[in-house]
Amino acid sequence: MKRLFMQEVATRDGFQNEKTFIETEDKISLIDALSQCGYAKIEVTSFTSPKAIPALRDAEAVMAGIRRQPGVEYTVLVPNVRGAERALGCAINEANLVMSVSESHNRSNLRMTREQSFAQLREVIGVIGHGPVAINVSLSTVFGCPMQGDVPDDEVLGWVDRFAELGARGVTLCDTTGMAYPSQVQTLSQKVRERFPELQLTLHFHNTRGMALANTLGALQAGVDRFDASLGGLGGCPYAPGASGNVCMEDVAHMLELMGYDTGLDLNQILAASARLAGLIGHETPSQILKAGRRLDLHPVPEHVHTLSKQVSLTDLEKAQ
Ligand code: COA
Ligand code: ZN
28 MKRLFMQEVA
38 TRDGFQNEKT
48 FIETEDKISL
58 IDALSQCGYA
68 KIEVTSFTSP
78 KAIPALRDAE
88 AVMAGIRRQP
98 GVEYTVLVPN
108 VRGAERALGC
118 AINEANLVMS
128 VSESHNRSNL
138 RMTREQSFAQ
148 LREVIGVIGH
158 GPVAINVSLS
168 TVFGCPMQGD
178 VPDDEVLGWV
188 DRFAELGARG
198 VTLCDTTGMA
208 YPSQVQTLSQ
218 KVRERFPELQ
228 LTLHFHNTRG
238 MALANTLGAL
248 QAGVDRFDAS
258 LGGLGGCPYA
268 PGASGNVCME
278 DVAHMLELMG
288 YDTGLDLNQI
298 LAASARLAGL
308 IGHETPSQIL
318 KAGRRLDLHP
328 VPEHVHTLSK
338 QVSLTDLEKA
348 Q
């Protein structure tokens, strides 16, 4: 059974996009529940400017309040040196650095050119050093930018190369606004795996055009074994036009389990955690499995079916006479 590593991003990618502020103690209680679900990694929050992402302005308090589960890595999004300094005070396992491979999206999201971002992230890596805190770099819009269109694979590989040179442990290929399609995902994932076999490679899909589960299969065909997904399918970048939810964790976990993969996850506990979301965010989530149940959660046969079968046999009898 092939082992896959599942990474929960709802409390970062999901909550950053919610209009209602989720109380710090509610965030902590949800993350504590998620820590019991079998994830490889949880992206807890982000150390961004509270003006840019007010929903996550309580990052320090959340990190201080959660109960860490051995075996689970706790990662946080870090956009700049200021964020790195704040995060380093919070006993993180990994810093997830972010930049976009598209010039327009980088300027919109991070208010810098890509070169300025790279220079800043190099500084961030310098501050974090090569000690116990691992570095992951999330590259946004690698499968297409909503303002600029396709980004050539070679350009994407060029950015991966520059961060690998700086000693990043991992890279995440992010489909920020759901522009990826399965064959494209397979091709780019294969190229990255071939060229950078040592890198921890994660794929991060948004379901904006309904292709996220199909894209997951595309990545699996290329040998990818690590995926971000979001409880309830929450998520979206406030600085990317048309961005919507990540691939839903319970939907992807349900599919992978049926296909015989070992996700390490406890789907019952994930569904229980997902059922709490609507109460926290004030609206329903796009989760399919929460609504429909698992494939073999069977329903009782309704009474009228028995009556119907009696009627049918009577008609059959009449015909026969
Ligand atoms: N933590 C806390 N405050 C920060 C900060 C950080 N990491 N980085 C910047 N700030 C504060 C500054 O202190 C300054 O505050 P002031 O106005 O009270 O003096 C203000 O934010 C502006 O700082 P500046 O250096 O000019 O940054 P900026 O406005 O160009 O913002 C980013 C740059 C990247 C930090 C900011 O745009 C950001 O956090 N964006 C969020 C990106 C994101 O998470 N997107 C979604 C995920 S992909
Ligand atoms: Zn995302």
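Per our numbering, residue 28 is the first one in the sequence shown, and the count goes up by one each step. Backbone N, C-alpha and C fix where the C-beta goes; we use that ideal spot for every residue, glycine too.
Rounded to the nearest angstrom, how far is the Cβ of residue i from that of residue j, given a contact under 8 angstroms?
i           : j           : result
residue 61  : residue 87  : The Cβ separation is near 19 angstroms, so there is no contact.
residue 47  : residue 71  : With 8 angstroms as the limit, residue 47 and residue 71 do not qualify as a contact, their Cβ atoms being about 19 angstroms apart.
residue 59  : residue 94  : 5 angstroms
residue 252 : residue 42  : So it is not a contact: roughly 27 angstroms between Cβ atoms.
residue 194 : residue 162 : 7 angstroms
residue 111 : residue 151 : 5 angstroms
residue 92  : residue 69  : Contact flag wrong, Cβ pair sits at about 14 angstroms.
Taking C-alpha atoms, which residue in the options lies nearest to residue i?
i           : options            : result
residue 109 : 122, 324, 98, 99   : 122
residue 224 : 101, 196, 45, 75   : 196
residue 256 : 221, 216, 301      : 301
residue 165 : 259, 176, 232, 265 : 232
residue 144 : 171, 105, 215, 296 : 105
residue 202 : 215, 338, 159      : 215
residue 292 : 43, 42, 56, 98     : 98
residue 107 : 92, 148, 116       : 148
residue 321 : 129, 92, 294       : 294
residue 183 : 158, 146, 141, 154 : 141
residue 226 : 200, 130, 337      : 200
Please tell me whether residue i and residue j are closer than 9 angstroms, where the distance is taken between their beta carbons.
i           : j           : result
residue 40  : residue 263 : yes
residue 246 : residue 204 : no
residue 222 : residue 187 : yes
residue 168 : residue 127 : yes
residue 30  : residue 289 : yes
residue 90  : residue 49  : no
residue 45  : residue 82  : yes
residue 206 : residue 235 : yes
residue 268 : residue 173 : yes
residue 219 : residue 242 : no
residue 217 : residue 170 : no
residue 296 : residue 64  : yes
Between residue i and the ligand ZN, is there a pair consisting of the residue's CB and a ligand heavy atom that are separated by less than 8 angstroms?
i           : result
residue 260 : no
residue 233 : yes
residue 53  : no
residue 263 : yes
residue 273 : yes
Between residue i and the ligand COA, is there a pair consisting of the residue's CB and a ligand heavy atom that are separated by less than 8 angstroms?
i           : result
residue 73  : yes
residue 34  : no
residue 104 : yes
Next on the checklist: Which complete alpha helix (DSSP H) runs does the segment 93-164 hold, if anything under 4 residues is left out?
Outcome noted: 108-115, 130-137, 141-155
Checklist entry - What runs of the alpha helix (DSSP H), each 4 residues or longer, lie entirely inside the segment 189-231? => result 209-222
Next on the checklist: For a minimum of 4 consecutive residues, which ranges assigned as the alpha helix (DSSP H) are wholly contained in the segment 267-304?
Outcome noted: 276-285, 294-302
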